[in-house]
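Sequence lines, in order, name chains E and B. Throughout, the numbering used here is defined as the position within the first sequence, counted from one, plus 44. Throughout, the numbering used here is defined as the position within the second sequence, counted from one, plus 152. Contents: one structure, followed by commentary.
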Amino acid sequence: MTAEAEIRPLAESLKSPGMNRSLPARIARGLRAQPTGLVGLLLILIYVGVALFGKHIAPYPYDEMGVGPLLEGPSSAHLFGTDEFGRDVFSRVILGAPISLRIGLFVVVLATLLGSLVGLVSGFAGGWLDEILMRITDIFLSVPAMILAVTVSIALGPSITNLTIGIALARWTIYARLMRSEVLTRKTEDYVLAARSLGASPTRVLLVHILPNSYTSVLVQATLDFGMAILFAAGLSFIGAGAQPPSPEWGAMVAKGRDFIRVGWWITAFPGLAIFGLVLGFNLLGDAVRDALDPRLVE
Amino acid sequence: MSRFIARRLFLQTFVLLGLSVLTFVLMFLVPGDPAASVVVWSAGGVSQEAYQAFREMWGLDKPLHEQYLHYMGNLLRGDLGKSMVSNGPIARDLAAFFPATVELAVVSTFFALLVGIPAGIAAALRRNSLVDHVTRVISLVGVSMPIFWLAVMGIYFFFFKWGLLPSSQRIAISLTPPPTVTGLYTVDALLDGDLVAFKSALNHLIMPSAVLALSAVALIARVTRSSMLEVLRQDYIRTAHAKGLRPRTVVVRHALRNALIPTTTATGLMIGGLLSGAVLTETIFAWPGIGRYAVNAIFYMDRPVVMGVTLLIGVVYSLVNLTVDILVAFLDPRIEY
């Protein structure tokens, strides 16, 4: 056992800010303990690589028709076969990667920002403002996520941007609650009371003393939500409430392939597997991160 | 306890009221114009007069708060209004479509608990064993799988390729649905003593409910595993073992009772997820439930229908969670209200 590992429980028990929360270190330790998390990280990195260099990897542009015969099964010339317009499915799957990654990122960033802001204000201000903000959160929570997201996206006009807004509006509530409960705990801790008694302004207490010590659970949730957001977005595009053809968004590709499922299973199968692999990557990683940071599971 | 229930119902009324305002405002603020989308849809083109007439008929030319009060006034009299597209009463549509979704959700929940709880217990009892790892991998696969894709691939294999299962609707077209008692085809067919209809209804349920249950199984297995692990570490479990009780008794009588409390809570939350998942599942399997009904309504900006479905789901969801809270209070005597 290293000296660092021996000191850690002591630091935990001191509960002082900064000492016990080297977040990257704890995550790294968790990943070492659980190799499935590393597998997840590797999967994600592969997808990111494909997204960044897709233009150089893909043999054809995603929308070029007639690069092969129509509806031909996988072959060495077209690894994932061709679709009903003679487009190369492999190229389309490759060029769909940045779309899904971007949706996941924007949803998580938007939802985290909005939710954290509401939670921070709600927990810190307390009183009637807290009451109002939390009831608004309750209302958003009671709308079925799918219906809220579809409504927003359809109403604003189905596109990837509006889809992102729709999903973020359906997901910010969880961050608001997490952030609020963190802030409520921190608010009564000695170092915050000390800062306040020294005359620090409320803004300073909030931003310098409370916020840096409150974001852990939000961060973990965000990791777990990444995969969820991608899955959700693909589902919305599948029913026509998101990316529109000829976009190589994977959910939209599965939807189109469904019409040709009897004559060309490959048009549906490969984009679906692409979604599955990416979401699995995020879930493997998120799972390991959560286990690493959940004190109840530490042996 | 009854005070707690009364308080919850009272507060829930306000949340539902808020939900109605939110849904209403959401559909008003957005640029989508229901008059335009419905008139185009029904007439194949827009004439200015038809458009204006439609707006007046539905009161779309009135200010928002008047429209809202009008809607709520009707709602209080038990009138959910009519669909802008079909002109049929929404209450009748909901009565027809809701049982289909309930049937799907109940079978999925049953399936999820039947598989998820034993899997979670087995994984916890043999931590880090093969059983644990397999359960973990299966639940991660379950939550990572795009269910719409799984549904389409399922139709390809089980319907087109092997011809084992039907791909759409609730019952074979050649059969007449059983007389409506509960609205659940399987139950109604049994009540009617019609075994052929029962078999067909059951067959039609298998694929949609299995697909819908997948992520739910994963969730239940995970929650059960982690709460079981926590309970097994408690002192009273060690005491029970020390008393010389059979391990089986300790697990079933002592550990499981407490370990299932978080599972109960998760089941309530899961039902909300199932209702969302039903939107996709019902669309793919042409299952005539409220999920599909809602999506079609949203595409046409059919405001009264979207309002009706959202409120219905909101009511169901809050009742389910209230029931769960009451159930948990019974299971866990430490909780006081």
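Backbone N, C-alpha and C fix where the C-beta goes; we use that ideal spot for every residue, glycine too.
- With a contact defined as Cβ atoms closer than 8 Å, glycine 272(B) and valine 375(B) qualify at about 7 Å.
- Here DSSP, grouped into helix, strand and coil, assigns aspartate 127(E) to coil.
- Judged by pairs of C-beta atoms under 8 Å, the segment 149 to 168 of chain E does not touch the segment 326 to 338 of chain E, as fewer than three such pairs exist.
- In the three-state DSSP reduction, lysine 234(B) falls in the strand class (E or B).
- In chain order, Leu427 place their CB closer than 7 Å to the CB of isoleucine 465(B), counting only its own chain and leaving out the 5 sequence neighbours on each side.
- Closest in C-alpha terms to threonine 334(B), from the list Phe250(B), Leu178(B) and Val457(B), comes Phe250(B).
- The way I'd put it, the segment 245 to 265 of chain B does touch the segment 335 to 351 of chain B; three or more beta-carbon pairs between them come closer than 8 Å.
- Our two residues, arginine 455(B) and histidine 217(B), have alpha carbons roughly 15 Å apart in a direct line.
- DSSP lists Thr126(E) as the bridge partner or partners of aspartate 132(E).
- 8 Å or more divides the Cβ of alanine 299(E) from the Cβ of serine 197(E).
- For proline 241(B), DSSP records a beta bridge to Lys234(B).
- Residues are counted here when their Cβ sits less than 9 Å from a Cβ of chain E; for the segment 414 to 442 of chain B these are Gly424, Gly425, Leu427, Ser428, Gly429, Ala430, Val431, Leu432, Thr435 and Ile436, given in chain order.
- With a cut-off of 8 Å on Cβ pairs, the segment 316 to 326 of chain B is in contact with the segment 343 to 362 of chain B, counting three or more such pairs.
- Between methionine 190(E) and chain B, the shortest Cβ-Cβ separation is below 8 Å.
- When 8 Å is used as the limit between beta carbons, isoleucine 290(B) is near no residue of chain E, the shortest such separation being about 12 Å.
- Of Gly93(E), Ile143(E) and Thr126(E), the smallest CA-CA separation from methionine 109(E) is found for Thr126(E).
- Taken residue by residue, none of the segment 211 to 234 of chain E has a beta-carbon sitting less than 8 Å from a beta-carbon on chain B.
- The beta carbon of lysine 234(B) sits closer than 6 Å to the beta carbons of Pro241 from its chain, once the five residues preceding and following it are set aside; these are given in chain order.
- At a cut-off of 8 Å between beta-carbon atoms, leucine 178(B) makes contact with chain E.
- What alanine 446(B) touches in chain E, judged by beta-carbon distance under 7 Å, is Ile191, going in chain order.
- Beta-carbon to beta-carbon, tyrosine 106(E) and arginine 73(E) are separated by about 41 Å, too far to satisfy the 8 Å threshold.
- With fewer than 16 other Cβ atoms from the protein chains shown falling within 10 Å of its own Cβ, glycine 171(E) counts as exposed.
- Against chain B, the CB of phenylalanine 320(E) has a partner CB under 8 Å away; the residue lies at that interface.
- With contacts defined as CB atoms closer than 8 Å, glycine 271(E) and asparagine 327(E) qualify as a contacting pair.
- Within the segment 456 to 489 of chain B, no alpha helix (DSSP H) run of at least 4 residues lies entirely inside it.
- The segment 408 to 428 of chain B and the segment 196 to 215 of chain B do not touch, with fewer than three beta-carbon pairs separated by less than 8 Å.
- Not flagged as an interface residue toward chain E: proline 456(B), since no C-beta distance is shorter than 8 Å.
- Taking a Cβ-Cβ threshold of 8 Å, the residues of chain B close to leucine 328(E) are Leu292, in chain order.
- A straight line joining the alpha-carbon of phenylalanine 129(E) with that of aspartate 174(E) spans about 55 Å.
- Proximity of isoleucine 283(E) to chain B, defined by a Cβ-Cβ separation below 8 Å, is satisfied.
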